[in-house]
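Note sheet for the following structure.
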Amino acid sequence: MNKKVLVIAVTLMVAALLATPMLGLVQAGKGQEKQYFKLYIVGAPDQTTGEIFWTPDPITGPIKHGRNVEWGFTLVLQVTIGDTTYSSPDISYTCTIDGDYNVVTLVGHQRVRETVTFYCFSEPATLEILTIGSLAHEGVVFTGHGTGALEGVKIEGTTWAVVLPPLAVTREGTVMGWPT
Numbered sequence: 027m028n029k030k031v032l033v034i035a036v037t038l039m040v041a042a043l044l045a046t047p048m049l050g051l052v053q054a055g056k057g058q059e060k061q062y063f064k065l066y067i068v069g070a071p072d073q074t075t076g077e078i079f080w081t082p083d084p085i086t087g088p089i090k091h092g093r094n095v096e097w098g099f100t101l102v103l104q105v106t107i108g109d110t111t112y113s114s115p116d117i118s119y120t121c122t123i124d125g126d127y128n129v130v131t132l133v134g135h136q137r138v139r140e141t142v143t144f145y146c147f148s149e150p151a152t153l154e155i156l157t158i159g160s161l162a163h164e165g166v167v168f169t170g171h172g173t174g175a176l177e178g179v180k181i182e183g184t185t186w187a188v189v190l191p192p193l194a195v196t197r198e199g200t201v202m203g204w205p206t
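Residue numbers (my numbering): 27 to 206.
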């Protein structure tokens, strides 16, 4: 009898320990209003920055690699939070891209690290955004967080891109904890 009670007690404790992270994820952002988020940018990376090199692939064709390639120029930059749209000179954008791209099969992978700086708050404020995914699929997930005046802000959503020059990228999803 005591063995059964002990086994049940240990099982319940282990289950509680395993469930704690999941409960924490459910509680994350609870009580914070979710709002619409959209980052829209049109421009192009600067192919003269970072390191760009090619490797042969005898089966599928050449692969272009890029490391620490920076965003070069911007034609359009907008961030929408709820019903409010921010654009230059209230915001600026920097980006670093790492990726591999097969120019024959048009398949590749990339990691994009973006910073959107907001100049419309009383102290420095940025959104740090990370996107990791396949270039062959639309709807790649991005996540991000705020710093400075935007500390505690969280964003997430999906990415859509038109890769014909100029490059047009839309990151659309939700933002939590945006200051009012």
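Positions of the beta carbon are idealized from the N, C-alpha and C atoms, including for glycine.
Taking all protein chains in view, the Cβ of arginine 137 is surrounded by fewer than 16 other Cβ atoms within 10 Å, so the residue is classified as exposed.
Non-local beta-carbon contacts of tyrosine 145 in its own chain, meaning distances under 6 Å to residues more than five positions away in sequence, involve Asp116 in chain order.
Exposed is the label assigned to tryptophan 80, since fewer than 16 other Cβ atoms lie within 10 Å of its Cβ. Close CB contacts of threonine 173 within its chain, under the 6 Å cut and outside five residues either way in sequence, are with Thr152 (chain order). One thing to note: valine 201 has its Cβ no nearer than 8 Å to the Cβ of glutamine 73.
Taking C-beta atoms as the reference points, proline 191 and leucine 101 fail to come closer than 8 Å. Rounded to whole angstroms, glutamate 140 and glutamate 154 show a C-alpha spacing of 6 Å. Beta-bridge partners assigned by DSSP to valine 129: none are found. Under the Cβ criterion (8 Å, minimum of three pairs), the segment 102-115 does not count as touching the segment 126-133. With a 10 Å radius around the Cβ and a threshold of 16 neighbouring Cβ atoms, valine 95 comes out buried.
Residue pairing by DSSP places glycine 134 opposite Tyr127 in a beta bridge. Per DSSP, the unbroken beta strand (DSSP E) holding phenylalanine 79 starts and ends at 77-81.
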